[in-house]
Amino acid sequence: MHRRHFLQFAGLAASSALLPASVRGAVRTPPQWSKLVEKAEAAMDQYSVKLRDRFVVVDFSMPSAAARMLLVDRESGKHRLLHVAHGRGSDPAHSGFVRSFSNVPGSLASSRGAYLTGPHYSGQHGPSQRLIGLEPSNDNAESRAIVIHGAWYSNDDMVKRLGKLGRSEGCFAVSEAQINPLLEWLGPGRMLYADKV
Numbered sequence: 010m011h012r013r014h015f016l017q018f019a020g021l022a023a024s025s026a027l028l029p030a031s032v033r034g035a036v037r038t039p040p041q042w043s044k045l046v047e048k049a050e051a052a053m054d055q056y057s058v059k060l061r062d063r064f065v066v067v068d069f070s071m072p073s074a075a076a077r078m079l080l081v082d083r084e085s086g087k088h089r090l091l092h093v094a095h096g097r098g099s100d101p102a103h104s105g106f107v108r109s110f111s112n113v114p115g116s117l118a119s120s121r122g123a124y125l126t127g128p129h130y131s132g133q134h135g136p137s138q139r140l141i142g143l144e145p146s147n148d149n150a151e152s153r154a155i156v157i158h159g160a161w162y163s164n165d166d167m168v169k170r171l172g173k174l175g176r177s178e179g180c181f182a183v184s185e186a187q188i189n190p191l192l193e194w195l196g197p198g199r200m201l202y203a204d205k206v
């Protein structure tokens, strides 16, 4: 794990302890994220998600060259942005944009909607986290093995060299340098919400 990245995530989570209670819960996110943040918060209510202190939103209307994974700490009101890849079935021409979603096994596509984060494990791609799809648009996530993992094709140098990230098989793939601190920060039982606006 890169110590610099770990400290950035640790600061995002720990800073809330320094704030008065009246400030906690105020989510100060970029204005362009407001619709997806509202959808994520509504989904947390709808699916009775107990751990609401932090959550993740992915805006698949942005190209893969953009940092489109928003990490929100509700207690501190702070946020952070990361790059994340989409599935190659959602972008067959590798344009860098999500053209479609699918929940069909074998589609290799990204799925939209609300997910609950599951347990951590070490698999083919190293440290990873299982995801439970909560909606008809993503309820095959477990059988499709749609997870959060690190990947070389999501590293920052891909954007510098190619102007876009590589593609996953439908998983939320972040850079190899970010996966460990992300998984430690997020943990099981929290919301990940992905969609286009």
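First residue of the sequence shown: 10, per this note's numbering; consecutive thereafter.
Note that CB positions come from ideal geometry on N, CA and C, so glycine has one too.
- Straight through space, the alpha carbons of L79 and T126 are spaced by roughly 15 Å.
- The alpha-carbon separation between Q133 and K44 amounts to approximately 35 Å.
- Counted as a single uninterrupted DSSP element, the stretch harbouring D165 is not any beta strand (DSSP E) but the alpha helix (DSSP H) occupying residues 165-171.
- Pairing G172 with S146 gives a Cβ-Cβ distance that is not under 8 Å.
- Here L117 has G96, R97, G98, E178, G179 as same chain residues with Cβ atoms under 7 Å from its own Cβ, once five neighbours each way along the sequence are excluded.
- Within its own chain, the residues whose Cβ lies closer than 6 Å to the Cβ of I157, once the five positions on either side in sequence are excluded, are Q138, F181, listed in chain order.
- Using a 10 angstroms sphere on the CB of A51, the tally of other CB atoms stays under 16, which defines it as exposed.
- DSSP places M78 inside the beta strand (DSSP E), whose first and last residues are 78-82.
- Put simply, of D100, W42, G86 the residue whose alpha carbon is nearest the alpha carbon of R63 is G86.
- One thing to note: R176 has its Cβ no nearer than 8 Å to the Cβ of P114.
- When C-alpha distances from H103 are compared across L192, S73, R89, the shortest belongs to S73.
- Close CB contacts of D148 within its chain, under the 6 Å cut and outside five residues either way in sequence, are with G142 (chain order).
- I155 sits in coil when the DSSP states are folded into three classes, being neither helix nor strand.
- For P128, the enclosing beta strand (DSSP E) covers residues 122-132.
- Residue burial annotation: P128 is exposed, with fewer than 16 other C-beta atoms found within 10 angstroms of its C-beta.
- As the crow flies, the alpha-carbon of N164 is around 15 Å from that of P190.
- Beta-bridge pairing by DSSP links P136 to S131.
- Looking at the DSSP output, Y202 sits in a beta bridge with V66, A123.
- For the pair L174 and A76, the CB atoms are not nearer than the 8 Å cut-off.
- Exposed is the label assigned to V206, since fewer than 16 other Cβ atoms lie within 10 Å of its Cβ.
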